[in-house]
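Residue numbers (my numbering), protein chains in the order written: chain A, 1085 to 1515; chain B, 1085 to 1515.
Yeah, the Cβ is synthetic: ideal placement off N, Cα and C, and Gly gets one too.
There are 2 protein chains.
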Amino acid sequence: MDARDLEGFFTTPGAIDPEDHLILDYEMECVGDPREAAAHLCSEQSTAQWRRVGVDEDLRPRFGAKVMELEVLERRERPSYPLEQGPQGAVHACRVRIAHPHENFGPRLPNLLSAVCGEGPFFTPGVPLIKLMDIHFPGRFLSHFQGPQFGVQGLRQRLNAFHRPIFFGVIKPNIGLPPDAFSEIGHEAWMGGLDIAKDDEMLADPAWSPLAERCRHLGAARREAEAATGDPKIYLANITDEVDRLVELHDLAVERGANAVMVNALPVGLSAVRMLRRHARVPLVAHFPFIAAFSRLPRYGIHSRVMTRLQRLAGYDVIIMPGFGPRMMTSEAEVLANVRACLEPMGDLRPALPVPGGSDSAATLEGVYQRLGTVDFGFIPGRGVFGHPQGPRAGAASLRQAWDAIAAGVPVRTHAKKHEALARALEAFSG
Amino acid sequence: MDARDLEGFFTTPGAIDPEDHLILDYEMECVGDPREAAAHLCSEQSTAQWRRVGVDEDLRPRFGAKVMELEVLERRERPSYPLEQGPQGAVHACRVRIAHPHENFGPRLPNLLSAVCGEGPFFTPGVPLIKLMDIHFPGRFLSHFQGPQFGVQGLRQRLNAFHRPIFFGVIKPNIGLPPDAFSEIGHEAWMGGLDIAKDDEMLADPAWSPLAERCRHLGAARREAEAATGDPKIYLANITDEVDRLVELHDLAVERGANAVMVNALPVGLSAVRMLRRHARVPLVAHFPFIAAFSRLPRYGIHSRVMTRLQRLAGYDVIIMPGFGPRMMTSEAEVLANVRACLEPMGDLRPALPVPGGSDSAATLEGVYQRLGTVDFGFIPGRGVFGHPQGPRAGAASLRQAWDAIAAGVPVRTHAKKHEALARALEAFSG
């Protein structure tokens, strides 16, 4: 690429129509001239060859992705992560903001992914390491998407649960129990105060726990718990399966008694979720398998916040994500970025409920709440409810007791002196 | 996990029925005792809690994933890639082979991915870095999958092309041309000897080049080229789009004149490909956007070979993948592993045609052929055909001339002395 070629891939914020472009924030480590690497990054993700041989034309003004900002952060002696094949010498770490014309592909999730996380960005000459850090959509693009059907407020209304977190529990043992035994422990947890009892992300429709039968059992148990407590409850069934079964399994699950469904977002594909959203009559819940494989490392891959935005775009009402604490190997800043991506304004799309999870229990609730600074979140223990020494009813009660203390401004440990379920939870799960 | 808990997650090859298990090869870096980390890795991907509170039971013998082999490779002072949050001290690099009971999820791609690349493996306590290196399927699992409909031999028969590589070309300019201009250069390339002219992975169904219109133009151009040359030709249309349009777009494309379709595997999702496979009447071709985001780094993520195997399982006849050379930042060993994963025996599934690509031209054909040691591959230049100084007809001819030389055992440079298209290609694209 010569100097004139390069110019065709640069622009200024005032020179383009923001409604016609996605804004992409990448961080990259490049060998050689950062301006040339940034131009290649644009070329590779759009008009890799911008004229025919023998024709005087230039397809870049309309179709080229273009650099809006380029900042060189530092020089490093070698790429942060050594590759088996690729540039090995000194690199510049850069931040680059790109405007990508969305008419190149239209409001389609697979084509969006192909452009912004595809061969282009990841095989740019001179760029061994790159991470897509964020993505911003103009209203003109967003208007083609439904987004969440219920959102945070719709879910609260269904549960008649306001001004507090929503209490989820992952029924455990997660794998191997027959539907009747599985529903018994779900029932116990609802009786103790859980809002939403859910299937593990690995439990779907196996021969030893067919979804239809499980939903029938859990549906009956849910209605019993609703009658006994006077509170609405949700059984969240995992319908993750082959794409062409999703609609059918949604119907089957809802008919049998599930009143929300979970679909593992990346394993099924975001586009399949968007398809299901058009059909769904109950809240859609996302789980996060696969995402860590490309989001954990600070300097390569795709930031999890991008996936959170795309899950909201696809139409999820609830997004389960890795939460706080060393166990989840996710920085506090990243968790908070994902929570914000659920709740902050995004065109006309409703907010999704963020559910940061990982080894939670009554002992961690206050810390999570304080870090988030909002009650608009879901709290999702597994063992913290179903591994409680007194069983799942006490496990669920321990969460509600912990919240009562927090809401009243009473130290949780003080409150525990008069509430045994909470006391036993703190004993079993602290530190 | 205490010593007795740990034992429940170990087995020996003779103690399990191989037909009931997937075999998973991971490499990981773990803090603390490698045996404990390996047991956690099994627990997290299967029975994370294997008994109810107050019930004397053990779900592990039937449902637990189990360590078959564990090899400590070396001790490292710190993890190979520093994380923002997670273990930072000394680690052991280990290789671990796990038997995972497939009745936990059944023959479903999203549920398979959720188990083997999901929260379990990537959030195992004490394991900051892990890579799924390979996966092996028993016949009992494979028998539920159709795999490729045509495979290598079926594709050869359709093209009447035997004992040589299949010559693909990515029509360029890839983005921005209207269908008539786009089809003219495709036609030129077929006339020069190309077998398969294809859409770029970023060109799908945009307003400025509607798929229906493009297929109509390219279909007519293809038939003209077939009549003129006497050889069957393929127009490979990219129908990558939202999942619920794939079947409709397949029909539309084929009706208008496409005789193979491409679907970007990961952006659409492997399950959607399996759905399309049940319906498809023409060969299905995979492209690789998104895969590098989790496969490039040697010590984290998922090896691309796993994705190649899954693409074949989903039913692709042709798998385009990053090829040789520094540009593609993929080691020779990795390219060869992916080629083998296409061609080697896999239950009753047909082989898929491997197409390793990246900046290829007549100048690189001999090197690719020599590295592969087989003619069962596709060769896929973009600029090497459509950026040839004499235009696409000469670009395509230069590939066939290069192959004529290789097949005859004549040095390509010698052959170029009497073949101008080849001579100009070597001049333009060498080194």
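- Taking all protein chains in view, the Cβ of residue 1249 of chain A is crowded by 16 or more other Cβ atoms within 10 Å, so the residue is classified as buried.
- A contact between stretches requires three or more CB pairs, one per stretch, nearer than 8 Å, and the region 1384–1396 of chain A fails this requirement with the region 1386–1399 of chain B.
- Chain order gives no chain B residues near residue 1365 of chain A, where near means a beta carbon separation below 9 Å; the closest approach is about 17 Å.
- When only Cα atoms are considered, residue 1203 of chain B and residue 1431 of chain A end up about 31 Å apart.
- Judged by DSSP secondary structure, residue 1184 of chain B falls within the beta strand (DSSP E) whose first and last residues are 1175–1185.
- Beta-bridge partners of residue 1462 of chain B (DSSP): B:1250.
- For residue 1490 of chain A, there is no enclosing beta strand (DSSP E); the enclosing alpha helix (DSSP H) has its first and last residue at 1476–1492.
- Short of 7 Å from the beta carbon of residue 1116 of chain B, and not among the five residues preceding or following it, lie these beta carbons of its own chain, in chain order: 1210.
- In the three-state reduction of the DSSP assignment, residue 1090 of chain B falls in the helix class, which pools H, G and I.
- Taken in chain order, the whole beta strand (DSSP E) runs of length 3 or more contained in the region 1275–1330 of chain A are 1280–1282, 1318–1322.
- Close partners of residue 1134 of chain B in chain A (Cβ separation under 7 Å): 1257.
- In the structure shown, residue 1344 of chain A adopts extended strand secondary structure according to DSSP, grouped into three states.
- Taking each of B:1316, B:1237, B:1364 in turn and checking the Cα distance to residue 1338 of chain B, the smallest one comes out for B:1364.
- Non-local beta-carbon contacts of residue 1166 of chain B in its own chain, meaning distances under 8 Å to residues more than five positions away in sequence, involve 1172 in chain order.
- Contact with chain A is found for residue 1292 of chain B, since one of that chain's Cβ atoms lies less than 8 Å from the residue's Cβ.
- Excluding sequence positions up to five before and after residue 1170 of chain A, its CB lies within less than 6 Å of the CB of 1212, all in the same chain and listed in chain order.
- Interface criterion met: the Cβ of residue 1472 of chain A is under 8 Å from a Cβ in chain B.
- Counting only unbroken stretches of 3 or more residues, the beta strand (DSSP E) elements lying wholly within the region 1157–1243 of chain A are 1175–1185, 1213–1220, in sequence order.
- Taking all protein chains in view, the Cβ of residue 1247 of chain A is surrounded by fewer than 16 other Cβ atoms within 10 Å, so the residue is classified as exposed.
- By alpha-carbon distance to residue 1327 of chain B, the top candidate from A:1352, A:1410, A:1254, A:1294 is A:1352.
- At a C-beta separation below 9 Å, residue 1451 of chain B has no neighbours in chain A, since its nearest C-beta there lies roughly 15 Å away.
- The Cβ of residue 1512 of chain B sits no closer than 8 Å to any Cβ of chain A.
- Unbroken alpha helix (DSSP H) stretches of 4 residues or longer found wholly inside the region 1332–1378 of chain B: 1349–1352, 1354–1363, given in chain order.
- For residue 1493 of chain A, the number of other beta carbons within 10 angstroms of its own is below 16, and it is reported as exposed.
- Residues are counted here when their Cβ sits less than 9 Å from a Cβ of chain B; for the region 1107–1131 of chain A these are 1129, 1130, 1131, given in chain order.
- Put simply, the backbone Cα of residue 1397 of chain B is about 10 Å away from that of residue 1221 of chain B.
- Taking C-beta separations shorter than 6 Å and ignoring five residues to either side along the sequence, the partners of residue 1322 of chain A in its chain run 1283, 1287, 1288, 1346, following chain order.
- When the five nearest sequence neighbours on each side are left out, the beta carbons in the same chain lying within less than 7 Å of the beta carbon of residue 1097 of chain A are those of 1152, in order along the chain.
- The three-state secondary structure of residue 1110 of chain A, taken from DSSP, is strand.
- Listed in chain order, the non-local C-beta contacts of residue 1174 of chain B below 8 Å within the same chain comprise 1115, 1159, 1160, 1161, 1162, local neighbours out to five positions each way being set aside.
- Going by beta carbons, residue 1181 of chain B and residue 1109 of chain B fall inside the 8 Å limit.
- Residue 1325 of chain A belongs to the set of residues whose beta carbon lies under 8 Å from a beta carbon in chain B.
- Against chain A, the beta carbon of residue 1469 of chain B has no neighbour under 9 Å; the closest one sits roughly 10 Å away.
- The C-beta distance from residue 1439 of chain A to residue 1403 of chain A rounds to 7 Å, short enough to meet the 8 Å contact threshold.
- Residue B:1092 holds the alpha-carbon nearest to the alpha-carbon of residue 1141 of chain B among B:1184, B:1478, B:1092.
- Taking one beta carbon from each stretch, the region 1302–1316 of chain A and the region 1215–1234 of chain B have fewer than 3 pairs nearer than 8 Å; the two do not touch.
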